[in-house]
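Undergrad:
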Amino acid sequence: MHEIKTLSIDNVMVSAAEGTTVLDAAREHGIDIPTLCHLDGLEDVGACRLCLVEAEGQNKLLPACVTRVEEGMSVKTHSPRLLKYRRMILELLFSERNHVCSVCGADGHCELQTLARRAGMDHVRFDYLHPALTLDATHERFVLDHNRCILCTRCIRICDDVEGAHTLDTAGRACDTSLVTDMADTWSDARSCTSCGKCLLVCPTGALFEKGSLPSEHHGKEEYLKYIVNAQRKMPWKR
Amino acid sequence: MNADHNSEQRSRHKQLDRALTRHQGAPDALVEVLHTAQQQFGYLSKETLSYIAAQMQLPPSHVYGVASYYPFFRLTPPPEREVTICAGTACYVNGSSRLEKEIRAHCCATKDPNDTPAADIGTARCLGACGNGPIVRVNNDVLLRANVDDVNAALAQQEEDAS
Amino acid sequence: MTESRREIVIDPVTRVEGHARISIMFNEHGRVEDARLHVAEFRGFEAICTGRLIWEMPRITSRICGVCPVSHAVTSAKAGDEILAVTIPRTAEQLRRILVLGQWIQSHAMSFFHLSSPDLLLGFDQPAESRDFFTVMRDNEEFARRGIRLRKYGQEVISRLAGKRIHADFVIPGGVRSALSEQNRDILLDGLPEAHSTIRMALDFMKAWLESPHDSFDIMGSFPSLSIGMINEHEELEYYDGTLRITDAAGNIVADRIDPRTYRDFIAEENESWSYMRFPYYQPLGPTRGMYRVGPLARLNVCARTGTPRADAELTEYRQRTAPQGTAQNSLYYHYARLIEILFALERIEQLLTDPETLRSDTLRSRAFSNRPQGVAATEAPRGTLFHNFSAGSDGVVNRTDLLIATAQNNLAMNRGIRQIATHLLDGPGQELPESLLNMIEAGIRSYDPCFSCATHALGRMPLRVDYRDQNGALLRSFARKT
Amino acid sequence: MTIEELYGIGEEFRNKLGTFRAEIQVCGGGGCLAAGADDLLKNFDSACRQHGLENKVRVVATGCMGLCGAGPLVRVTLNDVMYTRVTPDDVAGIVEDYSRKLKRYKERLLPGDFAFYGKQSPVVLEHMGHIDPWSIEDYIAHSGYEALAKSVTYHNPESVILEIRNSGLRGRGGGGYPTGLKWDIVRRGPAGNKYIVCNADEGDPGSFMDRAMLQGNPHSILEGMAIAGYAVGAQQGYIYVRGEYTRAIECMRHAIEEAERMRLLGNRIFESGFNFHVDLRVGAGAFVCGEETALLRSIEGLRGQPRPRPPFPSQSGLWGKPTVVNNVETIVNVAPIVLRGARWFSGVGTKGSTGTKVIALTGRVNNTGLVEVPMGTTLRTIVEDIGGGIVNDGICKAVQSGGPSGGCIPAKHLDVSYDFDSLSSVGSMMGSGGLVVMDDTTCMVDMACYFMDFCRSESCGKCIPCRVGTVQMHRLLDKIRRGSARESDIETLEELCVMIKDTSLCGLGQSSPNPVISILHYFRKEVEQHVFEHSCPAGVCSFEDADPASIAPPTSSEDISHA
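In order, the protein sequence lines correspond to chains A, B, C and D.
For the first sequence, the numbering used here assigns the number 22 to the initial residue and increments by one for each residue that follows.
For the second sequence, the numbering used here assigns the number 491 to the initial residue and increments by one for each residue that follows.
For the third sequence, the numbering used here assigns the number 16 to the initial residue and increments by one for each residue that follows.
For the fourth sequence, the numbering used here assigns the number 660 to the initial residue and increments by one for each residue that follows.
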């Protein structure tokens, strides 16, 4: 049996089973910590750094998505410093590629946009980097728009872990990191792709969407992920 | 000539296959296999990478992702002649960036602007001879405390040796 | 210092998207040689569209303008229909039509009431400080209030259909994204009577204004040009899908039943280094004789009738008042024509809203992928014929974009109008710059309701800068009019 | 192999060496090789044969002798003299000299009291530059593998770890984590496979000590790894070497084969129950693979990207097993500690930083090369005595320690002692031991820009602060360098520094702003001169995009009196 740990999050005493992440414990108690790379059902990578929290007695900020609860822990999730950092991280994301909400088809249904709005990000103080990126619409049904990709790798993880195809991966590195389908050829050439469309369901922005529509037309389906994962892993009907 | 070329290719493939067999069933050997392939072919073409992916039963995107992650791996054929300026800290402090500009301006430029330049000019992180900067590598020759004239002389010398 | 060539530059310091500047060039005799409207508007949209999907075009091109986004969106969607090679469901077409008409109402109402009524009500000579819509509101409260409400009705049409007043993702290649509810239909029908009474009031005002004498009326852009506009198969005023007709100043048909898709065959363009805007002209007649106007004035010139009863009655009266022979050729008549078009729009909207087909929700969109390499479409935007031309690959990615916008098509005529005003007022050596010149030039441009008007004239006052330069281009003196 | 046999091999080799009258040692370090040491070796060989000395003089290529800037270096053991910048023309003179004991050849002779060597106290580099790295016997003849033999034969793992803990040895790769503690965690980890990983992915530009050790004394690394393996209960070790170090890889491969042949690696080492194997893994040029979690992923054949810690590799490392990751220098320190004892080791250096440190001394000093000093030596001693002062009698402006993760220490702090804590107290760090000396020809803004350029292109791309933040920092610095920056850009730069430091995923991202932070702290005036005056005291920056308006407040050139 898992031991129960008691800790405080934003001065609220909460309890959670051993092994629970700080993020889950917080969300269970209605405390919202912003995330981009995290998605229930997928393995966490701790890469987006939005869920960083302060823990008393620790110099380093901890990513809530991979930090396990500990007895007596005292966590702050919304200190002025954290709010400032989150805003800057969002600004950096907006500066990195061509996220122009006004012409983006995901406008209004984009997690990045929502987080920025919530963080009060009314402008970006950094230079926009304007990389010349392409849009791959060669797949019969799906579109991959590198301009809107924030490299959260959710699609890669669902493709690998849930669908088991591993069509998607990251290539290159540093600011030149990009999504690839198979051998970096066009998506239509990616023979490993099963056209299952799960990657579209988990994309937080307008980077992956269905052809013939706008990204905003198939938003809000990520909760299906939980059912798929549950069905695949636990097979509740096979008792 | 053609037959030679083919047999050479075959022997290279054999080397690659040997490396693949040696690491049979060990997905962690990917970086090692890529090293072998690059040694044999000079670079990692998509065909080579696809072959490795198929043989190691790894997803193509994973193989490409790993190969493209490491700067040491070339995904395009290496240039015939290469001038590499060390951009390590020690060389930088000793003026490697100025030297790079000079080399770009005064070396390897052919008289006819339509001709391809005589060599590809690039920089490397650290050539590991930091006591003697700035360092320039002209193909396989390493020049210490290099200047533009040294580079031109080395290029000319190599041209002569080749012909 | 000898009296030399000088150049006066009127430079409204404005927001970048609507930055226009006027310069008047004098020759060495101090006579007006030329007048130019410099539009420093960034024309990057063709580059922005390229590389994007055809389904995104309505959303992207609607960003070209905050006043007429619907026209761009609908035109792009139509071009998209061409690339998908689909015929869109009838309901979708009707909804798109209503949307375009709503756009006409709100844009025309704003042009007339908000922007131009100060000129008409208060006169071109009124000091700029008080020649604005706020003065109109103070002195003619009812007139202003009803004008605002008419514009709001136009916006209401758009938002009841699309869910948002501007930049809504409603039209998409293949059709539209949502149906019109019965409830919203009723709300729109309920607003019609008041809109009709407002337009009646405005028409009465316009006619009264025309009947009173105006000194400078004949020099405010009164010159012959061609007219280009869209008509339907019954030669009626058309705005969404029709053929083009070109008439000359005398009313003769120069060309007729032209498929808008062939616009590049008869419209040529000149690029001038001093403006971002292009200078289109009717190619068979060359750049001088081929100058043409588009928009309300031109549309009423080319059609035989509007096709709706009340607007047709007004059109008949309009023709008697403006040009008993030939066609209307004074730019100030744009204002009058605009009012008739609002009336037409109100009548057409009523017809469309009462058609049960409009309310259907089952078939709104024809779904297809890219089936044709090119799609060209035209609609009548409030300011004139708007052409969108996309080429796309089989993946639906746009690889070539060509947009021909109404304001650009009126460019030659606008320059001609400014020259006319300047020549009239400034000819003669050593002329200083009278305030009324600035006012008249503003009004002259404004009759075309060019796209940048919203940015430059929103408060009816143009922050102006005038540079005097010698023949070498060196600055001699500078006038500034503060906001 | 037993411990007696080991002694026998050493004895035999020493006897063989005794038959030579002298040894001519040619430095085979990276710098000297590049300067033509290979050719020299051949020349010496043939010159000796010419004089019939082939059985009297042993000509040998050794590892790095340290004074890299003056290479090629040649040492003659007869009178223990050293020649610098030796050319093929000198060979005849040197050989002739010694064939007749004339001692006349004074050309290029290094004075015996040369401060460069006088102020050093080599432990790690003790035998390097003296022994033949390609000969395992030579290593054994210099007490090689004795520490391993003693550990396996006489000590239990706990006492080996205790010895390392008591020595106070801290990780030499940059982190400074107590080595004994790390080993202890791994030893206490769940039973089963455990691993020893030697981090030889030397990526700091300006550092070359790992390379020198790999190709100068490879067996010292294998021995240290084997002792570590014995201590923590690991049977497998990996050496992760930079792919660019071709000769080091060859040398290391050869050393592993030799050690296996002599059963110093493999099963039942020294007839005990201890088995230990070492494999070489060749890196492929990613700087971030110096970060331990990234390095482990790379060994696993993946993209070498770091992952959040905890869990630490000592808890969950290679394939999820407890893993020791130690830097080359740390590992090479192990055998001397076992042989001479923790007390000896902790007697060297300072209280918090025991032992010695190998430094790659480069930049604008007269003597550049590889240096080993006791911890606590002042920077001034290193720069002025060992380094021989600034070139062209110039003035030291700053020293940069710790590579792209370290900081720039201004000349006024030259009296600070070189140890873990003192360096961080002045805003820098030891890192792997790179020390770049700068004079007034170095522009600090340009330097900051250089380091950010490095960091942005070496970012792995996984976390956003590092991936994009470093790019934006580089842009801001480049703007300052080009003269298009505003005052607010300095503020933004400072905010970015703090943010990247606090939020990046791995140590590399977290430390990437360090050079900039230190430059903004110590050289703020110079930065401001760039921004406000468009002047660069070092004369490096060209202000290509300088906008005069950004200096003075904009004034209207127009008369608007008619307003």
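Idealized CB from N, CA, C, for every residue including glycine.
Computed from a predicted structure; not experimentally measured.
Would you mind working out which of C:N316, C:V413, C:I420, C:R336 sits nearest T400 of chain C, comparing C-alpha positions?
TA: By 1-based counting over the third sequence, the position of residue 400 of chain C is 385. Of C:N316, C:V413, C:I420, C:R336, the residue nearest in Cα terms is C:I420.
Undergrad: Determine the contact status of Q874 of chain D and A907 of chain D, defining contact as a CB-CB distance below 7 Å.
TA: Position 215 of the fourth sequence, counted from the first residue, corresponds to residue 874 of chain D. Position 248 of the fourth sequence, counted from the first residue, corresponds to residue 907 of chain D. Yes, Cβ-Cβ distance for Q874 of chain D and A907 of chain D is below 7 Å.
Undergrad: Could you tell me whether the Cβ of V583 of chain B comes closer than 7 Å to any Cβ of chain D?
TA: Sequence index remark: in the second sequence, residue 583 of chain B carries index 93 (1-based). Cβ-Cβ to chain D under 7 Å: yes for V583 of chain B.
Undergrad: So who's on the other strand from V626 of chain B, going by DSSP bridges?
TA: By one-based count along the second sequence, residue 626 of chain B stands at place 136. B:I575, B:L633, per the DSSP bridge assignment.
Undergrad: Using 7 Å as the limit for Cβ to Cβ distance, is G193 of chain A near chain B?
TA: Counted from its first residue, the first sequence places residue 193 of chain A at position 172. True, the Cβ-Cβ gap to chain B drops below 7 Å.
Undergrad: Is A614 of chain B helix, strand or coil when you go by DSSP?
TA: If you number the second sequence from 1, residue 614 of chain B lands on position 124. Three-state result, A614 of chain B: strand.
Undergrad: Quick one: does A228 of chain A have its CB under 7 Å from some CB of chain B?
TA: As a working note, residue 228 of chain A is residue 207 in the first sequence. Taking Cβ atoms only, chain B never reaches closer than 7 Å to A228 of chain A, which makes this a no.
Undergrad: Look at the alpha carbon of M221 of chain C and the alpha carbon of H229 of chain C, and state the distance between them as a whole number of angstroms.
TA: As a working note, residue 221 of chain C is residue 206 in the third sequence. As a working note, residue 229 of chain C is residue 214 in the third sequence. M221 of chain C and H229 of chain C: Cα-Cα distance of roughly 13 Å.
Undergrad: With DSSP as the reference, label K93 of chain C as helix, strand or coil.
TA: Mapped onto the third sequence, residue 93 of chain C falls at position 78. Looking at K93 of chain C - three-state DSSP - the assignment turns out to be helix.
Undergrad: Can a CB atom of chain C be found closer than 7 Å to the CB of L235 of chain A?
TA: Residue 235 of chain A sits at position 214 when you count from the first residue of the first sequence. Chain C, which has a Cβ nearer than 7 Å to the Cβ of L235 of chain A, makes this yes.
Undergrad: Under the assumption that P84 of chain A contacts G67 of chain A (Cβ atoms under 8 Å), give the Cβ distance between them as a whole number of angstroms.
TA: Numbered from 1 along the first sequence, position 63 holds the residue referred to as residue 84 of chain A. Numbered from 1 along the first sequence, position 46 holds the residue referred to as residue 67 of chain A. Right, the Cβ-Cβ distance comes to about 4 Å (below 8 Å), so this counts as a contact.
Undergrad: If you measure between the beta carbons of G1120 of chain D and R107 of chain A, is that distance less than 7 Å?
TA: Within the fourth sequence, residue 1120 of chain D is the residue found at index 461, counting from 1. Within the first sequence, residue 107 of chain A is the residue found at index 86, counting from 1. No; because the gap between Cβ atoms is not below 7 Å, this pair is not in contact.
Undergrad: Just the Cα atoms here: how many angstroms apart are T1027 of chain D and D869 of chain D?
TA: Mapped onto the fourth sequence, residue 1027 of chain D falls at position 368. Mapped onto the fourth sequence, residue 869 of chain D falls at position 210. Taken atom to atom, the span from the alpha-carbon of T1027 of chain D to that of D869 of chain D is near 16 Å.
Undergrad: Count the other CB atoms, across all protein chains shown, that sit within 10 Å of the CB of M477 of chain C; report buried if there are 16 or more and exposed otherwise.
TA: Taking the third sequence and counting its residues from 1, one reaches residue 477 of chain C at position 462. Its pLDDT being 44, under 50, M477 of chain C is placed unreliably in this model, and the value from its coordinates should be taken loosely. Buried, since its Cβ has 16 or more Cβ neighbours within 10 Å.
Undergrad: Let me know the alpha helix (DSSP H) ranges lying completely inside the region 328-407 of chain C, each 4 residues or longer, listed in chain order.
TA: 348-368
Undergrad: Per DSSP, which residues does H167 of chain A bridge with? Please list them.
TA: Here residue 167 of chain A refers to the residue found at position 146 when the first sequence is read from its first residue. DSSP output for H167 of chain A lists no bridge partner at all.
Undergrad: If the cut-off is 7 Å on Cβ atoms, which residues from the region 202-232 of chain A count as contacting chain C, listed in chain order?
TA: K232
Undergrad: Whole angstroms is fine: what's the gap from E71 of chain C's alpha carbon to A407 of chain C's?
TA: Numbered from its first residue, the third sequence carries residue 71 of chain C at position 56. Numbered from its first residue, the third sequence carries residue 407 of chain C at position 392. The straight-line gap separating the alpha-carbon atoms of E71 of chain C and A407 of chain C is approximately 12 Å.
Undergrad: Within its chain, find whatever has a CB closer than 8 Å to the CB of Q974 of chain D; leave out the 5 residues flanking it on each side and keep chain order.
TA: On the fourth sequence, residue 974 of chain D is found 315 positions in, with the first residue counted as 1. I844, G848, P981, listed in sequence order.
Undergrad: Could you say if the region 125-137 of chain A and the region 220-227 of chain A meet the contact criterion of at least three C-beta pairs nearer than 8 Å?
TA: yes
Undergrad: Tell me where the alpha helix (DSSP H) around I958 of chain D begins and ends.
TA: Position 299 of the fourth sequence, counting from 1, holds the residue named residue 958 of chain D. Taken as a continuous stretch (DSSP letters only), the alpha helix (DSSP H) holding I958 of chain D covers 951-958.
Undergrad: Can you tell me which of the three DSSP states V1017 of chain D falls into?
TA: As a working mapping, residue 1017 of chain D is identified with position 358 in the fourth sequence. In this structure, V1017 of chain D counts as strand in the three-state DSSP scheme.
Undergrad: Within the region 1082-1139 of chain D, note down every full alpha helix (DSSP H) run reaching 4 residues or more, in order along the chain.
TA: Listed in chain order, the alpha helix (DSSP H) runs fully inside the region 1082-1139 of chain D are 1103-1117, counting runs of at least 4 residues.
Undergrad: For W258 of chain A, is the classification buried or exposed, using 16 other Cβ atoms within 10 angstroms of its Cβ as the cut-off for buried?
TA: Position 237 of the first sequence holds residue 258 of chain A. Exposed, by the Cβ-count rule.
Undergrad: Please determine, among D:E1150, D:Y1181, D:P1196, D:P1124, the residue with the shortest C-alpha to C-alpha distance to S1170 of chain D.
TA: As a first step, residue 1170 of chain D is located in the fourth sequence; it is residue number 511 there, counting from the start. Ranking D:E1150, D:Y1181, D:P1196, D:P1124 by Cα distance to S1170 of chain D puts D:P1124 first.
Undergrad: Who are the Cβ neighbours of L474 of chain C in its own chain at under 6 Å, not counting the five residues just before and after it?
TA: By one-based count along the third sequence, residue 474 of chain C stands at place 459. Bear in mind that a pLDDT of 36 at L474 of chain C, under 50, signals an unreliable position, so the number given afterwards is only what the model happens to contain. Non-local beta-carbon contacts of L474 of chain C in its own chain, meaning distances under 6 Å to residues more than five positions away in sequence, involve D147 in chain order.
Undergrad: Does the beta carbon of D190 of chain A sit closer than 7 Å to a beta carbon anywhere in chain B?
TA: What you label residue 190 of chain A is simply residue 169 of the first sequence in a count that begins at 1. So, interface residue.
Undergrad: Between D1148 of chain D and G1198 of chain D, what straight-line distance do the alpha-carbon atoms span, to the nearest angstrom?
TA: Walking along the fourth sequence from the start, residue 1148 of chain D turns up at place 489. Walking along the fourth sequence from the start, residue 1198 of chain D turns up at place 539. One C-alpha to the other measures close to 22 Å.
Undergrad: Would you kindly work out how many angstroms separate the C-alpha atoms of S879 of chain D and V1127 of chain D, rounded to a whole number?
TA: For the purposes of this step, residue 879 of chain D is taken as the residue at position 220 of the fourth sequence. For the purposes of this step, residue 1127 of chain D is taken as the residue at position 468 of the fourth sequence. Straight-line Cα distance between these residues: approximately 41 Å.
Undergrad: For P236 of chain A and K105 of chain A, I'd like the C-alpha separation in whole angstroms.
TA: Counting from one through the first sequence, the residue named residue 236 of chain A turns up at place 215. Counting from one through the first sequence, the residue named residue 105 of chain A turns up at place 84. Answer to the nearest angstrom: the Cα atoms are 30 Å apart.
Undergrad: Tell me where the alpha helix (DSSP H) around E909 of chain D begins and ends.
TA: In the fourth sequence, counting from the first residue as 1, residue 909 of chain D sits at position 250. Its alpha helix (DSSP H) spans residues 905-920.
Undergrad: Quick one, are the C-beta atoms of T989 of chain D and G830 of chain D less than 7 Å apart?
TA: Working through the fourth sequence from its first residue, we reach residue 989 of chain D at position 330. Working through the fourth sequence from its first residue, we reach residue 830 of chain D at position 171. It is a contact, given that the beta carbons lie within the stated cut-off.
Undergrad: Specify the secondary structure class of E1146 of chain D as computed by DSSP and reduced to three states.
TA: Counted from its first residue, the fourth sequence places residue 1146 of chain D at position 487. The three-state secondary structure of E1146 of chain D, taken from DSSP, is helix.
Undergrad: Could you tell me which chain A residues have their CB closer than 9 Å to the CB of E71 of chain C, listed as they occur along the chain?
TA: As a working note, residue 71 of chain C is residue 56 in the third sequence. Chain A residues near E71 of chain C: V124, C125, G126, L235.
Undergrad: Near I1159 of chain D, what residues of its chain come up, given a Cβ to Cβ distance below 8 Å and the 5 sequence neighbours on each side ignored?
TA: Taking the first residue of the fourth sequence as position 1, residue 1159 of chain D is located at position 500. Excluding sequence neighbours, I1159 of chain D sits near P1124, C1125, G1128, T1129, M1132, G1168, Q1169, S1171, P1172.
Undergrad: Start and end of the alpha helix (DSSP H) containing V523 of chain B?
TA: Position 33 of the second sequence, counting from 1, holds the residue named residue 523 of chain B. Start and end: 520-531.
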